[in-house]
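Input: a single structure, listed below in structure tokens.
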Amino acid sequence: MSSSRRSSRSPATVGGDLRVALTRVSRRLRAERGEADLPEGQFGILTVLHKHGEMSPGSLAEHERVRPPSMTRAVNTLAELGLVEKVEHATDRRQVVVRLTTAGAREVAETRRRRDAWLTKQLSALTGEEREILAGASELLIRIAAR
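Numbering-wise (this note's numbering), the sequence shown opens with residue 287 and increments by one.
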């Protein structure tokens, strides 16, 4: 594509193209799952616990922007699979906190490994120049996401 063609594209046109591309890549990455083959919402709970440590079901629901009953069902499913455990709150015995188990941490690591492997394979098929373009675009997308 010529540089004059690139500079004449409106933000709305670029935005539409990016939305489609990001959605397709994201959908394809989400298809790469670990051994438990978890739905994305349940995997998201594991990644939150992996990053932030143990949390109450209410805090998890707030973080993931879901209703508490939905989070309770998801946590119970993950607990049945042995990927999280519910333990007594340190200061309030009426509450529980949800903690990632070793198996849950392995599931996070394996899913990430599979997703990274898929993406690495796709990037390996590109030229060095194309990978540099994507590296620059990644920096811009991170900046956009932080706004």
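All C-beta atoms in this analysis are idealised placements derived from N, C-alpha and C, irrespective of residue type, glycine included.
| Asked | Found |
| --- | --- |
| For residue 334, the nearest candidate out of 361, 323, 415 (CA to CA) | 361 |
| Segments of 4+ residues assigned as alpha helix (DSSP H) that fall wholly inside the segment 388-426 | 388-410 |
| Delimiting residues of the alpha helix (DSSP H) encompassing residue 316 | 297-316 |
| Contact check, residue 342 vs residue 381, beta carbons under 9 Å | yes |
| DSSP three-state assignment for residue 340, whether helix, strand or coil | coil |
| From 329, 349, 392, 383, residue whose alpha carbon lies closest to that of residue 340 | 383 |
| Opening and closing residue of the beta strand (DSSP E) in which residue 359 lies | Per DSSP, residue 359 belongs to no beta strand (DSSP E); it is in the alpha helix (DSSP H), 354-366. |
| Of the listed residues 309, 428, 385, 378, nearest to residue 346 (C-alpha basis) | 385 |
| Three or more C-beta pairs below 8 Å linking the segment 372-380 and the segment 305-313 | no |
| Status (buried if at least 16 other CB within 10 Å, exposed otherwise) for residue 417 | exposed |
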